[in-house]
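Everything below concerns the one structure shown next.
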Amino acid sequence: MDGKVKKQKKHQQKHSGPKAEKKKLRKHDRPTEEDDRRRNPKAFAVQSAVRMAKTFHRAQDIKTRKHHIPLVDRMPLEPPPVVIVVVGPPKVGKSTLIRCLIKNFTRQKLGDICGPVTIVSGKKRRLTFVECNNDINTMIDLAKVADLVLMLIDASFGFEMETFEFLNICQVHGFPRVMGVLTHLDSFKNNKTLRKTKKNLKHRFWTEVYQGAKLFYLSGMLYGEYQTQEILDSIRDCFVTGKWEEGQDAATLLKQDDELYGDFEDMETGEVHKSQTAEQQEEEEENGESDEGEEIQVRMEDEEVQKNKRLEKKRRLKERFNAEYDDGDATYFDDLKEEMQKQAELNRAEFEEMDDETRVQYEGFRPGMYIRVEILSLPCEFVANFDPHYPIILGGLGSSEGNIGYLQLRLKKHRWYDRILKTRDPLIFSLGWRRFQTIPLYHIEDHNGRHRLLKYTPQHMHCGASIWGPITPQGSGFLALQSVAGAKAHFRIAATGVVLDLDKSVTIVKKLKLIGYPYKIFKNTSFIKGMFNTVLEVAKFEGASIRTVSGIRGQIKKALSTPPGSYRATFEDRLLMSDIVFLRSWYPVTIPQLYNPVTSLLRSVGQKDNWSGMRTVGQLKHDLGIRNKPNTDSLYKPIVRAKRRFNPLHIPKELQKALPFKSKPKFQQPKGKMPRDLRRPCVIREPQEKKVAALLHALGTVHHYKKKKTTTVQHAKHKEFLQQKEKQEEAKLKRQKEAKKKLYRLMGQMDKRKLKSSLKGAPKDD
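In this note's numbering, the protein residues as written are 4 to 769.
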């Protein structure tokens, strides 16, 4: 008994009796909203007129925001091709992937890929594959037109700088659909390391794109191509809508659909259909097993009641529907959309039978058509240096976008760019369809509305920027680069931002501090010179506030006749001649009118990624070897302190007399000891002794010279002797080597003879 588990008693739902009848009535006669309104009208009354007005206004705002200018639907039956851009760093497998995808659709091998490749993938679908090289100009152009981006990542190396650069370009110019492809997975020998690498790269990719972004894995290559099944999987997820698999549970798929789409409502009857939960299904199954007989009887009785209720409910809903929509409640916007829809259908029916040439004359070029465009006044280098690896994007401009003027931008330095940006340093902007170089002025708005010029961009915050460039609609995103020439070791995108305004309404000012010096001082009045040059300048600043370095405030009163530019000023305290007076003012700055288009496509083949425009001041100084002269006032100076001199101690004469001899001041200097040299007597030679000393000195000089000469000759002889000895040693070693060779040769011959004799004398096998 202890080993058996006691089975719990199941709950038996009542199917008869007063309680079961109440439940059935409650289930069939559910109170509607109208019954609740009739039973408790105060609960559904307007509680606050202000709140109701706000709710109504909000609903109308949301409804109005959804409105857009209705246009005639000109989309053709054959849509334009889908532009698929394959992006990645060098040597990651871009060309191989494109060749494999093309081979899957066309069953043909493609050799060298030069430029875009368009294929037909279905009855009404075309695909255009474009390979994006490492040139930043190509990356910017292709990010503006891409519909789908296949981003190749070398799994053995990880994410490279080019990947993050392209993602940031897409964030500025409109994010297309991005899918990641991991290659070089066959370089991993350990499966655990492979799984860990896949997981890390997937989460990093999700951080940059979005959570759940698609990431494919190309494990290895076979005969120079990726495996066919992996290519088919990627194509299925990229270009084909998937179907249910036979082996997958339909209940799971229905549950996923229910979670995704929720309940649906019958628009004619107003009934809301809900899917049953697992508990409800289980409860129904249990009930169905127990009371099948009773349910048949109840069903026959309830069918007529349910039918009448459904008819009544449908009639009421139809009346409400007619009252709300059949009374002509449609707005002008709905009428306009309906008119546009009819016009689109009429155009499609009218032009359907015409040929393309006639159709183009009436409705223009449809999206997806191949057209030939003739552009006038093109430079000859554009045609002579054409390279299909660098795509040419032909973009359309609005009526006002062809002009050049002042633009107000909101700009922020990119967090991955390792340098701050300096005002008046030229930057290359990618704005709209254009890439151009201009000189920006950075500024920030103070609390009083003043736009103050900034020397450098602030860290981790936005600032304003004013440039001279092409007129672009407000809200357009842009990115800025310091240089587009060659490959850089650091992140190349310097700043990003958005266009705010298209006029010169913002006045940028910079701080200007004028300094003057007092030359005549009265009580609270002083005469100041050195701040201005003419009387007219002083008259312009009459009444301006001034102050001294020590903090005494004052005001400019009147100009003086002499010296020119001097004036009278009053202060709140008396000045000193050493005081310095300064005036804080703001000086308007003009925006440089530089617009230099990036003409990288005009350069010769192989030099298109080396375009360089205007250089910065720092680059010019570096190239020309110019060093800034340091300001002498900013250099450290040696600290020179005056030596302190203490006054001698003064003792009164009366006190000196009373002091003992030991404590009395001694003014007489003590005599020191005489050196021994001074104590020796001075020897003065006689003329005869001087002659003898001179002769001895001459003889000694001759002796030293002869000795030195003899030593030099001996050294030369010794060196010659050593050289001869070295030659003799070399000859001796050579003779010894020859003798050893001869000896070893004889010994080898003797060993061979012994070996032969031993082989001849060996007994034969029986």
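Here a beta-carbon is modelled for each residue, glycine too, at the ideal position from N, C-alpha and C.
By Cβ distance, which residues of its chain are closer than 8 Å to residue i, with the 5 residues on each side in sequence left out?
i: F439; result: I431, F432, G472, P473, Y598, N599, P600, V601
i: V95; result: L155, I156, D157, T186, H187
i: D421; result: H493, F494
i: K112; result: R102, K106
i: H446; result: H454, R455, L456, L457, C466, G467, A468, S469, V509, I511
i: E404; result: G435, P473, I474, T475, P476
i: D449; result: R455
Name the DSSP beta bridge partners of residue i, please?
i: S469; result: Q411, L444
i: D157; result: T186
i: K640; result: Answer is none; K640 lacks a bridge partner.
i: R571; result: F530, K561
i: D504; result: Q411
i: E353; result: E353 pairs with nothing; no bridge assigned.
i: H454; result: E448, I511
i: V86; result: T131
i: E732; result: The partner list for E732 (beta bridge, DSSP) is empty, contrary to what the question assumes.
i: R587; result: K516
i: A483; result: F432, A498
i: K523; result: F530
i: S548; result: Q558
i: K94; result: DSSP output for K94 lists no bridge partner at all.
i: F439; result: F432, P600
i: T121; result: T131
Looking at C-alpha atoms only, which residue of the options is the closest neighbour of residue i?
i: G568; options: P521, R556, A149; result: P521
i: V123; options: R682, C117, T131; result: T131
i: C466; options: R630, F649, I172, K416; result: K416
i: S222; options: F670, R362, K192; result: K192
i: L397; options: R427, R437, E134; result: R437
i: G408; options: Y747, S469, T109, E448; result: S469
i: W589; options: E575, G609, A547, F574; result: A547
i: K30; options: V308, Y220, L204, P92; result: V308
i: R427; options: L698, H71, D115, P595; result: P595
i: L505; options: L484, T528, A488, G478; result: G478
i: L563; options: R577, S529, R556; result: S529
i: K116; options: K97, G125, R128; result: Before going on, a small fix: residue 116 reads as Ile here, not Lys. With distances taken between Cα atoms, I116 lies closest to K97.
i: P73; options: D359, D338, A734; result: D338
i: V487; options: A542, Y459, K526, P429; result: P429
i: K199; options: F664, G161, K676, E165; result: G161
i: V148; options: T196, K202, V175; result: V175
i: F108; options: P93, G125, P92, V695; result: G125
i: I549; options: T196, A572, V538; result: A572
i: V425; options: Q622, K507, E315; result: The sequence given here places Lys at residue 425; Val does not occur at that position. The shortest Cα separation from K425 among Q622, K507, E315 belongs to Q622.
i: C383; options: G751, R606, V705; result: R606
Looking only at its chain, what residues have a beta carbon closer than 6 Å to the beta carbon of residue i, apart from the 5 residues adjacent to it on each side?
i: E545; result: I559
i: H718; result: none
i: S603; result: N140, K611, W614
i: E248; result: The predicted position of E248 is uncertain, since its pLDDT is 43 and thus under 50; a value taken from the coordinates is nonetheless stated next. The answer is none, since no qualifying residue turns up.
I think residue i touches residue j, with their Cβ atoms under 8 Å apart; what is that distance to the nearest whole Å?
i: I511; j: V643; result: Going by Cβ atoms, the distance from I511 to V643 rounds to 45 Å, so no, they are not a contact pair.
i: Q411; j: L482; result: Rounded, the Cβ-Cβ distance is 17 Å, inconsistent with contact.
i: V89; j: L100; result: 6 Å
i: H392; j: N136; result: 6 Å
i: I496; j: E168; result: 6 Å
i: Y3; j: I524; result: As displayed, the chain neither begins before 4 nor continues past 769, which places residue 3 out of reach and without an answer.
i: P773; j: V152; result: The shown model of the chain, from 4 to 769, leaves out residue 773, and the question about it has no answer.
i: F574; j: R556; result: 7 Å
i: G371; j: P83; result: 3 Å
i: H70; j: F336; result: 6 Å
i: A498; j: L414; result: 5 Å
i: R577; j: N527; result: 7 Å
i: V133; j: P461; result: Wrong, their Cβ atoms sit about 38 Å apart, outside the cutoff.
Using C-beta distances below 7 Å, list every residue in its chain close to residue i, excluding the 5 sequence neighbours before and after it, in chain order.
i: F208; result: G183, A216, L218
i: Y365; result: F354
i: K660; result: none
Report yes or no: do three or more beta-carbon pairs, one from the segment 166-186 and one from the segment 137-157, lie closer than 8 Å? yes
If you pair each beta-carbon of the segment 513-531 with each one of the segment 582-591, do three or more pairs fall below 8 Å? yes
Counting Cβ pairs, one atom from each stretch, are 3 or more of them under 8 Å apart for the segment 142-151 and the segment 607-622? At 8 Å Cβ cutoff, the stretches do not touch.
Taking 8 Å as the threshold, find out whether the segment 448-461 comes into contact with the segment 384-391 through three or more Cβ pairs. no
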